């Protein structure tokens, strides 16, 4: 145990986390030069394309330190986006220390601070690393000031590096060995292992990623999960090399995997504790939370025949994403589907994209919503995350919506524009903290519903990419809420309904109609789109029908070409949802919430 | 309108198309294959006759012949006579067969036309396009409006009793009035057949380059619709039958029997470069290049560039979109039996809505596109 170090890298997005991980892997000789590809731990296509980490990954790096001894360094890579902070917290709970990576040019950002707090909560040793020192815009003195003033850390304890150029890598490895404490734990005590992730392997079932705190587990043992008390026989344990590497046992302090014939997803919860069935530990490891979704939307197959495929796809997908929650749901307009809870909009988009890519599903997502709280006149309380289930104004005594505390860090010159954006989104109680020359932190309390869709994009564009945004959930507050329904050719499409503040209702309804007009292609029939509150129509647009689209000539040589064109159009139409006789594309449902980009 | 295809067409006797790949000059809007070097004509004819010789085992009998192009009237009457002779030598022609030739008004004189009649050509289609000087110049036509008038007169004089005109609308610079003027001048000659095409901006033409550069405005959809509807109304007032999107005839009797074969999946054999053939569930087409065409045939190879075998689903889509272009419409029971697809059952709701909107009518088990339905026939096929 003395020779084990468990660590993670935490950073603001784009500060170079994946690149540094790549360099550490290369330096310790885990992978030959010719087999190397960038972002080696981000093995999903979507992670590479977006340049982000979605899932936690672990890798064991063998390292002979300058003291001549061999060490085992377990790197646990964590996601970087605000949507995934619970996954990050569980990964961090598996470590004794972190590398806090800061971009030498951009300095400390909102996520740097948020991650630092997470690391502090877990009592981790923090090693500040200033990355990208090769950049011409690097300002190391300024970053050191920030480390001192904003992070409250010893500015001289940092390591300078350029992950891109391979500078400072050995210093980092030495610091991991010397400064991060070895894991504590008693190998003789009852087994206590923390699940920090799990993934699905189509041959082996669920592969559990875990950190052992006490005791030891080996093949043949019967393990038990604390949360649901299910027991399984261990088939295989091992460590993470670039691939899984079988071993005889996993003992206290180690990071590795367990395969135990766990078939269904619901048996594995990130943050849950693994123990031995016949000799359980007294209490679970601290910090377990059920994933708490904040954004809700329903997923429907475009063709109702694909419902079974969607059921299977979601179940398999869930193996890899414990944060997604779902349950059966049905819509008058869209048929059978699933109501899903997501950590945020990015999470929603990722789920949508991965379901389509990895399970070859064509799906529609209803307009995203937050979870509202309604108190009825008889004092009964109902939480509603699906606008289709809005109970109607007559019975409601009190409507409430969730608020967040948004923290934004940006150069001072953007303050005016961002203040206006926040106020437009019903922001309250602003506070401004001056962090250093020209840099401010702006804090606003805002309804979550106002930030779930394009707030982040709008904020990024207003601050030209120099702003950072983070939020924490606050309490529920009373709000004057109404339900907007959308009618397409007189038919209510419940999946397009949204709950909004009354003062914004007319504008939102109009915006929804305008967006739909842009998204729904012209058809043979006139399409009337109406926004309504109760029975009252408050907005309206019309998509005029095709009047002339026929090709003038269609003789011998034209027929094949024409047919191929029609086949292509037919295929495109299959990816749209038919509501009555109107084809609505997938994009329309998410576009409804988009505001004008001014 | 809304007349059923006469039995002579649905009787499934194949048609023969001959593509003459020569023009004196190229029109900037046209995407049909042709060459302007007329010195290749003798080589082409030798190759064409060889192709006929090779095809005689596949097709033995036709009841229509269509000599198109290109510009068949760049040939001498003797060359055309030779072609028709060779057709008769290799294949059986039903009697009476419809034998059509396309001609440019600038090319023809009375003796040419009389010899054509003697050869057996009984239907003449004149590429008039417009009676307006400016429009003719824009279209790059080498004939004048006066030449068109004289071509019509001598055609009648030569004894052609089945005469068709091609006209184009939606040409930049041509407003509705100018078009209706051309149309009524055409109608005044009482042709048996009129093809009125909206100018199509085809890929790989000099015209599309001008549009792409932004030199020319695209015709707004509303105006396209107005041109289409006005044309149909005007011609039906003049007692023409609107029997296909762009085709009108003086009663269904004068509808092009040959062209209808394309629209109801009757087999056809196409000879000459770029010509398409169809039989059963197969379609194939020749090289769109005169040299390749000639070379293949001199090697005794079929000059086929490619072929496709249509799946039942593809045949169904074609049958639907082609039938929706014609006043013959879709015979619902036949369609259902042939393709195992009951349109009424599968698309009843949409069809009812289309009927309400006046785009189709359903009478006696036949689905007919109306005038406004013909204008959106391509979309109708996607229901």
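Residue numbers (the numbering used here), protein chains in the order written: chain D, 2 to 599; chain Z, 2 to 384.
Each residue gets a CB set at the ideal place from its N, CA and C atoms; glycine is no exception.
Computed from a predicted structure; not experimentally measured.
- If only complete runs of 4 or more residues are kept, the stretch 35–103 of chain Z shows the alpha helix (DSSP H) at 42–56, 78–91, in order along the chain.
- In the three-state scheme derived from DSSP, where H, G and I count as helix and E and B as strand, residue 234 (chain D) is classed as strand.
- For residue 567 (chain D), the C-beta contacts it makes with chain Z under 8 Å involve 318, 322, 379, 382, 383, in order along the chain.
- According to the DSSP secondary-structure assignment, residue 410 (chain D) is paired through a beta bridge with D:442, D:469.
- In the three-state DSSP reduction, residue 20 (chain D) falls in the helix class (H, G or I).
- Shown here, residue 158 (chain D) sits in a helix according to DSSP, grouped into three states.
- Rounded to whole angstroms, residue 133 (chain Z) and residue 188 (chain Z) show a C-alpha spacing of 15 Å.
- Under DSSP, the beta-bridge partners assigned to residue 245 (chain Z) are Z:248, Z:327.
- For the stretch 190–211 of chain D, the set of residues with a beta-carbon nearer than 9 Å to any beta-carbon of chain Z is empty.
- Judged by DSSP in its simplified three-state form, residue 230 (chain Z) adopts helix.
- At a cut-off of 8 Å, the C-beta of residue 229 (chain Z) has a neighbouring C-beta in chain D.
- In this structure, the CA atom of residue 430 (chain D) is about 6 Å from the CA atom of residue 445 (chain D).
- Residues of the same chain with a CB within less than 6 Å of the CB of residue 337 (chain Z), apart from the 5 flanking positions on each side, are 343 in chain order.
- Our two residues, residue 221 (chain D) and residue 238 (chain D), have alpha carbons roughly 10 Å apart in a direct line.
- The beta carbon of residue 325 (chain Z) sits closer than 6 Å to the beta carbons of 370, 378, 381, 382 from its chain, once the five residues preceding and following it are set aside; these are given in chain order.
- For residue 160 (chain D), the CB contacts under 8 Å within the same chain, skipping 5 residues up- and downstream, are 128, 129, 130, 131, 169, 172, 173, 176 in chain order.
- Apart from sequence neighbours up to five positions away, the residues of its chain that approach residue 126 (chain D) with a beta-carbon distance below 7 Å are 97, 98, 180, 181, 182, ordered along the chain.
- One thing to note: residue 530 (chain D) has its Cβ no nearer than 8 Å to the Cβ of residue 511 (chain D).
- Taken atom to atom, the span from the alpha-carbon of residue 140 (chain Z) to that of residue 148 (chain Z) is near 16 Å.
- Not a single unbroken stretch of the beta strand (DSSP E) spanning 3 or more residues falls wholly within the stretch 136–162 of chain Z.
- Note that the C-beta distance between residue 545 (chain D) and residue 572 (chain D) is not below 8 Å.
- Sequence-distant Cβ neighbours of residue 91 (chain D) in its own chain, meaning closer than 6 Å and more than five residues away, are 197, 271, 272.
- When only Cα atoms are considered, residue 384 (chain D) and residue 402 (chain D) end up about 10 Å apart.
- Distance check between residue 135 (chain Z) and each of Z:180, Z:111, Z:120 places Z:180 closest, using alpha-carbon atoms only.
- Judged by their CB atoms, residue 159 (chain Z) and residue 128 (chain Z) are not nearer to each other than the 8 Å cut-off.
- Residues of the stretch 538–561 of chain D whose Cβ lies closer than 7 Å to any Cβ of chain Z, in chain order: 547, 548, 549, 550, 551, 552, 553, 554, 555, 556, 557, 558, 560, 561.
- Spanning the alpha carbons of residue 255 (chain Z) and residue 164 (chain Z) requires a straight line of approximately 9 Å.
- Interface with chain D (8 Å Cβ-Cβ cutoff): residue 243 (chain Z) is excluded.
- The alpha carbon of residue 217 (chain D) has as its nearest neighbour, out of D:465, D:208, D:250, the alpha carbon of D:250.
- Spanning the alpha carbons of residue 154 (chain D) and residue 114 (chain D) requires a straight line of approximately 11 Å.
- Assignment of beta-bridge partners to residue 329 (chain D) by DSSP yields D:339.
- The C-alpha of residue 319 (chain D) is placed about 37 Å away from the C-alpha of residue 398 (chain D).
- Taken in chain order, the members of the stretch 254–278 of chain Z whose beta-carbon sits within less than 8 Å of a beta-carbon on chain D are 260, 263, 264, 269, 271, 275, 276, 277, 278.
- In this chain, the alpha helix (DSSP H) harbouring residue 460 (chain D) covers 456–463.
- With contacts defined as CB atoms closer than 8 Å, residue 70 (chain Z) and residue 22 (chain Z) qualify as a contacting pair.
- By the Cβ test, the stretch 118–128 of chain Z is in contact with the stretch 81–89 of chain Z, since at least three Cβ pairs between them sit closer than 8 Å.
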